[in-house]
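According to our numbering, the first sequence is numbered sequentially starting from 100. Every residue gets a Cβ at the ideal spot worked out from N, C-alpha and C, and that includes glycine. Structure record follows, encoded as structure tokens.
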Amino acid sequence: MKIATWNVNSLNVRLPHLLQWLAAHPVDILCLQETKLIDEKFPVAQINAAGYQVAFSGQKTYNGVAILSRLPIEDVVKNNPRFEDAQQRILAATIGGMRIVCAYVPNGQAVDSEKYHYKLAWLSALRDWLAEEMAAHPQLALLGDYNIAPEDRDVHDPAEWAGKIHCSDPERAALTALSALGLTDAFRLFEQPEKSYSWWDYRMLGFRRNRGLRIDHILLSAALKARCTGCSIDRDPRTWEQPSDHVPVIATLN
DNA sequence: ATGGCAATAGAGTATTGA
């Protein structure tokens, strides 16, 4: 069983990449972020034809999340019931006995900005809701674009990013609060190459110079951590023509 | 200190992302 997450930065533009990637990596479950599509325009037929069922929750221009699955998708919940939010950033579903939560955490723009405080409030509400979800579903995975680099080793230049958005102490504390619920970063369960990132700026030759951040994560409950046998980042799609600025993260479960 | 790239909306340029 393989589960994965990918911020595609517009599914309208990236559908060919998505289908190409799935053909090479036929994961069982894939969470998408930044689909940027209203539900009426979601490419259901193409995704079904690739062998996947799909649940989605979108809006115009921004945000939007989806879960693709080879197994039936049940008990879909859109957004956090504990947090009133016009932005479509969360999709939860039960698949194969697991609770899968797909999340697109707010960017935050700049420390202390209005969007930053929205990000922290959003993360606090996520924690509170997940505490309940985990009690009801011991086998839970939280996959998505967290817009937080957990540690300095997840940042290409920790000095340049110190205290800045994605790296500030309150953001990292919010991630620690999720860990305190019993969620573990699947990527760090295993030995990994140094300077592993999941996002690179489109500008300044960010990818070629490997000026990246690791901000896309798969967090696993204890029951799923015990089943996890591997986790990796697939940099390859970042080399394709007109790529997303993020790449997929994949975890293997037995 | 700022812009640099990409996508969107919409019709020139502003906004957002990370």
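TODO: Output yes or no for whether 8 Å exceeds the beta carbon distance between Asn111 and Glu133.
DONE: In this structure, Asn111 keeps its C-beta atom at 8 Å or more from the C-beta atom of Glu133.
- [ ] Would you identify the three-state DSSP class for Val204, choosing helix, strand or coil?
- [x] In the structure shown, the three-state DSSP call for Val204 is coil.
Open item on the list: Let me check understanding here. Comparing Cα to Cα, which of Ile146, Val348, Ala285, Lys218 lies closest to Leu318?
Closed with: The residue with the shortest Cα to Cα distance from Leu318 is Ala285.
Open item on the list: Could you tell me the alpha carbon to alpha carbon distance between Gly196 and Ala258, rounded to whole angstroms?
Closed with: In this structure, the straight-line span from the alpha carbon of Gly196 to that of Ala258 is close to 43 Å.
- [ ] Could you please give the first and the last residue of the uninterrupted alpha helix (DSSP H) stretch that includes Trp221?
- [x] Unbroken alpha helix (DSSP H) run through Trp221: 213-235.
TODO: Answer yes if the region 319-328 comes into contact with the region 258-277, meaning at least three C-beta pairs across the two stretches below 8 Å, and no otherwise.
DONE: Touching, no, given that fewer than three Cβ pairs across the two stretches are closer than 8 Å.
- [ ] Determine the contact status of Asp300 and Arg310, defining contact as a CB-CB distance below 8 Å.
- [x] Arg310 sits close to Asp300, with the two beta carbons spaced by under 8 Å.
TODO: Apply the 10 Å Cβ neighbour rule to Asp256 and answer buried if 16 or more other Cβ atoms are within range, or exposed otherwise.
DONE: Around the beta carbon of Asp256, a 10 Å sphere encloses fewer than 16 other beta carbons of the protein chains shown; the residue is thus reported as exposed.
Open item on the list: For Trp120, report the span of its alpha helix (DSSP H) as first-last.
Closed with: Per DSSP, Trp120 belongs to the alpha helix (DSSP H) from 110-123.
- [ ] Round the Cβ separation of Leu239 and Arg181 to the nearest angstrom and send it over; I've been treating them as touching at under 8 Å.
- [x] Actually they are not in contact, since the Cβ atoms of Leu239 and Arg181 sit about 16 Å apart, beyond 8 Å.
Open item on the list: On the CB-based measure, 16 or more other CB atoms within 10 Å of its CB, does Glu293 come out buried or exposed?
Closed with: With fewer than 16 Cβ atoms within 10 Å of its Cβ, Glu293 is classed as exposed.
Open item on the list: Asp244 and His116 - do their beta-carbons sit closer together than 8 Å?
Closed with: At the C-beta level, His116 and Asp244 stay beyond 8 Å of one another.
TODO: With DSSP as the reference, label Trp298 as helix, strand or coil.
DONE: When DSSP states are grouped into helix, strand and coil, Trp298 belongs to the strand group.
Task: Which of helix, strand or coil DSSP assigns to Gln132 - done: In the structure shown, Gln132 sits in a strand (DSSP, three-state: E or B).
Task: Neighbourhood of Leu136 by C-beta distance below 7 Å, restricted to the same chain and skipping five residues each side - done: Within the same chain, Leu136 has close Cβ partners Leu110, Asn111, Gly157, Gly163.
Open item on the list: So, under 8 Å CB-CB, Leu225 and Asn178 are touching, yes? Tell me the CB distance rounded to an integer number of Å.
Closed with: So it is not a contact: roughly 10 Å between Cβ atoms.
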